[in-house]
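2 protein chains.
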Amino acid sequence: MTTQEIAEQFAALCKAGRFEEAGERFWAEDVVSIEPMAGDMAVLKGKAAVQGKGAWWYANHDIHATETEGPYVNGDQFALRFLIDVTPKASGQRMQMEEVGLYTVQAGKVVEEKFYFRGS
Amino acid sequence: MTTQEIAEQFAALCKAGRFEEAGERFWAEDVVSIEPMAGDMAVLKGKAAVQGKGAWWYANHDIHATETEGPYVNGDQFALRFLIDVTPKASGQRMQMEEVGLYTVQAGKVVEEKFYFRGS
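Residue numbers (the UniProt record's numbering), protein chains in the order written: chain A, 1 to 120; chain B, 1 to 120.
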């Protein structure tokens, strides 16, 4: 599959709310995930670690709605924009998150995902 | 200025339709601009070359409206999403373009801009 085809399939799963399935299907075993934050989850390496982050996220957030726009493609990379209407269970404060995910593809798999957040 | 501050100022100029001014102010002298296409404009190096691409773009397109969303920040990079309602003069066919721009900042200047396009 071309990067464009992978991007389209990945985006279609996200648009259907099937984020975990998108990762399951397309993450490389040695995928690296980079978040714009300090701390334990800033850089995660390996599919198991990234799946663990997903499990943490879903266990600690009530997700009311998501919207995925894209994919936007250049060479071996594609970007998606996400809108997430979510209530973190810790705060109980509903918020609207906006972020961009940038995915790098090698040999048909996502080897890096990097997230960019909308600051206040 | 931090990357967040540069990102906010760059985005504010784009939101006001002042794209050329954003570049003028923040492009490094040796900025590299990467488009998702083959041909002469795929990779341009240096502020003068990138300004030339802008001049070509404005001379050959009627821009009806633009919308800029973001910035989305991670470390030394920020992303913007653009919606462009445009008629290329060559075709006369009005179209709506969607793209993401990813900007890398060093020493207060944009040293790389890379664009990702929404495929059909």
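Beta carbons: idealized from backbone N, C-alpha and C, even for Gly.
What residues in its chain sit with their C-beta under 6 Å from that of A:I6, if we drop five residues either side in the sequence? V105
Beta carbons nearer than 9 Å to chain B: which residues of the segment 106-119 of chain A have them? K114, F115, Y116, F117, R118 and G119
Put A:K15 into one of helix, strand or coil per three-state DSSP. helix
8 Å Cβ cut-off: residues of chain A touching B:F78: Y116
In three-state DSSP terms, what is A:Q106? strand
Residues of chain B with a CB under 9 Å from the CB of A:L102: which are they? N74, Q77, A79, V100, L102 and Y116
Say whether the segment 21-36 of chain B touches the segment 83-94 of chain B, bearing in mind that this needs 3 or more beta-carbon pairs closer than 8 Å, one atom from each stretch. no
Just to make sure I have the definition right: I need the residues of chain B whose C-beta is within less than 9 Å of the C-beta of A:G39. Which are they? None at all; the shortest Cβ gap to chain B is about 14 Å.
According to a CB-to-CB cut-off of less than 8 Å, which residues of the segment 58-74 of chain B neighbour chain A? E69, G70, P71, Y72, V73 and N74
Strictly under 8 Å for the Cβ-Cβ distance: is B:P36 near chain A by that measure? yes
Could you give the residue range of the beta strand (DSSP E) that holds B:Q77? Q77 to P88
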